[in-house]
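S.K.: For the sequence shown, position 404 (counting from the first letter as 1) is numbered 403 according to numbering that gives the first Met the number 0, and the numbering increases by one without interruption. For every residue, glycine included, the Cβ atom is placed at its ideal position computed from N, Cα and C. Being a predicted model, the structure only gives us computed values, none of them experimental.
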Amino acid sequence: MTEVERLKQIASNMQQEQLSRKELIAQQTSVSVSDDEVDGMDRLVYNHCLNKKAFREFTRLAPVTFQNRVQQAIDDGVIPEPIYQNKQHLYTRTHIHTLLDHWEMPTYRDNYEPRVVAVENQKGGTGKSTTSALMAVAAALDLDTNARVLLIDLDPQGTLGQGMISGQVDEDSIYLTTVDIILGKFESEGEYASLRNAGYTDRDIILNATFNTHLPNLDVMPAFSTDERFHDLFWQAESEEVKVQMINRLATEVIPVLKEQYDLIIIDTPPQESPLIWVANEALEFLLITMSPREYDYASTTNYLLTTSTRFSSLPSEGKNLLWSRVLVVNHDEKSKPERDTIDKLSRTVQDRLLSSYIVHSELIVAASSLNRTALDVAKAEKRVSARKYDETNHSVNAVYRQVIREIKANSTKQVNS
Numbered sequence: 000m001t002e003v004e005r006l007k008q009i010a011s012n013m014q015q016e017q018l019s020r021k022e023l024i025a026q027q028t029s030v031s032v033s034d035d036e037v038d039g040m041d042r043l044v045y046n047h048c049l050n051k052k053a054f055r056e057f058t059r060l061a062p063v064t065f066q067n068r069v070q071q072a073i074d075d076g077v078i079p080e081p082i083y084q085n086k087q088h089l090y091t092r093t094h095i096h097t098l099l100d101h102w103e104m105p106t107y108r109d110n111y112e113p114r115v116v117a118v119e120n121q122k123g124g125t126g127k128s129t130t131s132a133l134m135a136v137a138a139a140l141d142l143d144t145n146a147r148v149l150l151i152d153l154d155p156q157g158t159l160g161q162g163m164i165s166g167q168v169d170e171d172s173i174y175l176t177t178v179d180i181i182l183g184k185f186e187s188e189g190e191y192a193s194l195r196n197a198g199y200t201d202r203d204i205i206l207n208a209t210f211n212t213h214l215p216n217l218d219v220m221p222a223f224s225t226d227e228r229f230h231d232l233f234w235q236a237e238s239e240e241v242k243v244q245m246i247n248r249l250a251t252e253v254i255p256v257l258k259e260q261y262d263l264i265i266i267d268t269p270p271q272e273s274p275l276i277w278v279a280n281e282a283l284e285f286l287l288i289t290m291s292p293r294e295y296d297y298a299s300t301t302n303y304l305l306t307t308s309t310r311f312s313s314l315p316s317e318g319k320n321l322l323w324s325r326v327l328v329v330n331h332d333e334k335s336k337p338e339r340d341t342i343d344k345l346s347r348t349v350q351d352r353l354l355s356s357y358i359v360h361s362e363l364i365v366a367a368s369s370l371n372r373t374a375l376d377v378a379k380a381e382k383r384v385s386a387r388k389y390d391e392t393n394h395s396v397n398a399v400y401r402q403v404i405r406e407i408k409a410n411s412t413k414q415v416n417s
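As structure tokens, then:
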């Protein structure tokens with residue numbers, strides 16, 4: 000057996016031992032650690048609870064009115080009783096969003112168009128996945144915006160979406176990735192084809208391919224390693240027309256269905272110039288480019304921008320779908336003189352397309368990642384980092400989110416018919 004044949008044999012052996020998507024997701028969601036629960040409640044759910052005072056103040060209802068409305072909702076079976084702990088009532092995010100819907104409180108969709116935001120940079124290690132997850136969680140936690148959020152993982156080598164799926168995965172869930180859905184129109188075999196043959200419509204499959212997370216208004220569509228086949232099938236396509244259809248399908252057939260249910264769709268992209276990036280670029284409306292403030296990242300981001308601006312012009316929409324683009328500095332060590340110099344250079348060159356807020360280099364982000372969470376999912380009381388580091392990180396992340404959501408809203412206001 001030659002060495003090449005041996006490599007092929009090893010790959011075959013490993014493939015036989017590889018977990019299926021269903022098994023992998025089950026494994027990801029069954030991991031438990033000693034602090035996963037607080038008094039019988041999932042730690043992630045507990046960390047995002049609001050006490051009665053905080054929730055009432057958000058609603059701006061008088062105390063008596065608030066109490067009467069909550070009690071009526073409990074009596075009518077709209078919500079279960081809030082959790083009573085340490086002499087205070089705690090409302091989970093499910094309690095809160097159920098009540099906001101029941102009381103017909105304002106939503107994002109009342110005033111703004113649903114939008115697609117892609118987070119990109121062709122260089123790896125620029126914080127794309129971390130930023131995508133942070134922005135998705137921040138948006139879901141933003142009660143004032145009150146949006147339905149979807150995080151799409153389009154990176155075949157990524158595990159972002161898999162790690163965010165909640166533990167309650169139904170046995171009959173549809174285990175399809177975004178790439179599976181895109182390719183479903185071009186592949187005669189596979190789970191997508193089986194579902195279509197069983198009578199499911201394209202719309203049914205798309206809307207049932209999302210998974211719940213720990214937040215009731217945040218869902219995810221994970222990626223899987225088999226998504227790599229998109230590139231092979233794209234380059235092997237029988238005609239340019241088929242290639243255009245493959246690039247177009249997410250934008251023209253999948254996203255419109257998802258926008259029926261979601262207000263903000265955030266796409267985490269692979270770190271490479273590839274057909275999957277072109278798919279994302281054809282589907283997006285807002286582009287967030289992450290980069291660390293280091294000289295080699297500056298150079299690679301320059302190359303990315305040159306390539307991407309040319310690529311947009313060659314896509315079916317010729318870049319007309321791109322409404323907004325910004326560069327976001329991430330993983331910034333404010334004490335580093337070289338990094339501050341790089342940011343000065345960005346200010347001169349990127350100018351008003353550089354977000355003034357940035358995400359700091361953070362021990363909390365690293366600690367949260369090891370727990371399969373975002374920094375926003377860690378409570379200060381857990382003491383994963385010092386109180387000062389915790390506050391610095393949260394201030395930084397929330398400042399970025401507030402700037403991004405303001406600009407999204409400014410470019411998404413619904414036209415009022417006169």
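#1: Would a C-beta distance cut-off of 8 Å place Leu354 and Leu327 closer than the cut-off?
#2: Is Ile205 closer than 8 Å to Val243 when the C-beta atoms are compared?
#3: By the 10 Å Cβ neighbour count, where 16 or more other Cβ atoms means buried, how is Tyr83 classified, buried or exposed?
#4: Grab me the residues of Pro113's own chain with a C-beta within less than 6 Å of its C-beta, minus the 5 sequence neighbours each way, in chain order.
#5: Under DSSP, the beta strand (DSSP E) around Glu259 begins and ends at which residues?
#6: What is the DSSP secondary structure of Phe185, reduced to helix, strand or coil?
#7: Can we say the stretch 215 to 222 touches the stretch 147 to 154, given the rule of at least three CB pairs closer than 8 Å?
#8: On the premise that Thr268 lies in contact with Ala250, defined as a C-beta separation below 8 Å, what is that separation, rounded to the nearest angstrom?
#9: Is the stretch 82 to 98 close to the stretch 43 to 50, with three or more CB pairs under 8 Å?
#10: Does the stretch 393 to 402 come into contact with the stretch 64 to 75, if we say contact requires no fewer than three beta-carbon pairs (one atom in each stretch) closer than 8 Å?
#11: Using the Cβ count rule (16 or more neighbours within 10 Å means buried), how would you classify Gly420?
#12: Could you check whether the stretch 131 to 147 touches the stretch 372 to 381, counting it as contact only if at least three pairs of C-beta atoms, one from each stretch, sit closer than 8 Å?
#13: So the candidates are Ile173, Gln414, Ala367 and Arg202; which of them puts its Cα closest to the Cα of Gly162?
#14: How big is the Cα-Cα spacing for Met245 and Thr58?
#15: Out of curiosity, what's the CA-to-CA distance linking Gln402 and Phe285?
#16: Assign His331 to buried or exposed, taking buried as 16 or more other Cβ atoms, counted over all protein chains shown, within 10 Å of its Cβ.
#17: For the beta strand (DSSP E) that contains Ala117, what are its first and last residues?
#18: What is the C-beta distance between Val116 and Ile265, in whole angstroms, given that I count them as a contact (C-beta under 8 Å)?
#19: Can you check DSSP and say which residues form a bridge with Gln87?
#20: Secondary structure at Leu194, three-state DSSP: helix, strand or coil?
#21: Can the beta-carbon of Ile173 be found less than 8 Å from the beta-carbon of Asn211?
#22: On the CB-based measure, 16 or more other CB atoms within 10 Å of its CB, does Ala197 come out buried or exposed?
#23: Can you give the Cα-Cα distance for Asp34 and Gly157, rounded to whole angstroms?
#24: Is the beta carbon of Gln271 within less than 7 Å of some heavy atom of the ligand PLP?
#25: Would you mind sorting Asp390 into buried or exposed? The rule is 16 or more other CB atoms within 10 Å of its CB.
#26: So Gly126 and Val329 are supposed to be a Cβ contact under 8 Å. How far apart are they, rounded?
#27: On the DSSP bridge list, what partners appear for His331?
#28: Only counting the same chain, and skipping five residues up and downstream in sequence, which positions put a Cβ closer than 8 Å to that of Ser31?
#29: Please list, in chain order, all residues of the same chain as His96 whose beta carbon is under 7 Å from its beta carbon, the five residues on each side excluded.
#30: Taking the Cβ atom as the reference point for each residue, do Thr348 and Asn110 lie within a distance shorter than 8 Å?
#31: Around the Cβ of Asn120, are there at least 16 other Cβ atoms within 10 angstroms (buried) or fewer (exposed)?
#32: At which residue ranges does the stretch 278 to 321 contain complete beta strand (DSSP E) runs of 3 or more residues, listed in the order of the chain?
#33: Out of Trp323, Lys388, Ser187 and Arg339, state which residue places its alpha-carbon closest to the alpha-carbon of Val118.
#34: Between which two residues does the alpha helix (DSSP H) holding Asp231 run?
M.R.: With the structure as the only source:
#1: Less than 8 Å divides the Cβ of Leu354 from the Cβ of Leu327.
#2: Cβ distance not < 8 Å, so Val243 and Ile205 don't count as in contact.
#3: Exposed, since its Cβ has fewer than 16 Cβ neighbours within 10 Å.
#4: The beta carbon of Pro113 sits closer than 6 Å to those of Lys258 and Asp262, all from its chain and outside the five residues before and after it, given in chain order.
#5: Taken as a continuous stretch (DSSP letters only), Glu259 belongs to no beta strand (DSSP E), as it is neither H nor E.
#6: Judged by DSSP in its simplified three-state form, Phe185 adopts coil rather than helix or strand.
#7: Taking a cut-off of 8 Å for Cβ pairs, the stretch 215 to 222 and the stretch 147 to 154 touch, as three or more such pairs fall below it.
#8: Thr268 and Ala250 do not touch by the CB rule: their CB atoms are close to 14 Å apart, not below 8 Å.
#9: At 8 Å Cβ cutoff, the stretches touch.
#10: No contact exists between the stretch 393 to 402 and the stretch 64 to 75.
#11: Examination of residue 420 is not possible in this model, given that the chain is present from 0 through 417 alone.
#12: The answer is yes - the stretch 372 to 381 touches the stretch 131 to 147, with three or more Cβ pairs under 8 Å.
#13: Checking every option, the nearest Cα to that of Gly162 belongs to Ala367.
#14: Rounded to the nearest angstrom, the two C-alpha atoms are 45 Å apart.
#15: Straight-line Cα distance between these residues: approximately 13 Å.
#16: Classification of His331: buried, given that the 10 Å Cβ count is 16 or more.
#17: Segment Arg114 to Glu119, the beta strand (DSSP E) holding Ala117.
#18: Contact between Val116 and Ile265 holds, with the beta-carbon distance rounding to 5 Å and staying under 8 Å.
#19: Bridge partners of Gln87: Gln84.
#20: Looking at Leu194 - three-state DSSP - the assignment turns out to be helix.
#21: When the beta-carbon positions are compared, Ile173 and Asn211 stay at least 8 Å from each other.
#22: Answer is exposed; the Cβ neighbour count stays below 16.
#23: Caution is warranted here: a pLDDT of 48 is assigned to Asp34, below 50, making its placement in the model unreliable, and the coordinate value is therefore given only provisionally. If you take the alpha carbons of Asp34 and Gly157, they lie about 26 Å apart.
#24: Ligands displayed in this structure: none; no statement on the ligand PLP is therefore possible.
#25: The C-beta of Asp390 has fewer than 16 other C-beta atoms within 10 Å across all chains shown, which makes the residue exposed.
#26: With 8 Å as the limit, Gly126 and Val329 qualify as a contact, their Cβ atoms being about 4 Å apart.
#27: Its beta-bridge partners are Val359.
#28: With a pLDDT of 38 at Ser31, under the threshold of 50, the predicted position of this residue should be treated as unreliable, and no value is reported.
#29: Once the five neighbours on either side are set aside, the close Cβ partners of His96 are Pro215 and Asn216.
#30: Not in contact: Thr348 and Asn110 (Cβ atoms no closer than 8 Å).
#31: With 16 or more neighbouring CB atoms inside 10 Å of its own CB, Asn120 falls in the buried class.
#32: Inside the stretch 278 to 321, DSSP marks whole beta strand (DSSP E) runs of 3 or more residues at positions 285 to 290, from first to last along the chain.
#33: It is Trp323.
#34: Taken as a continuous stretch (DSSP letters only), the alpha helix (DSSP H) holding Asp231 covers Arg228 to Trp234.
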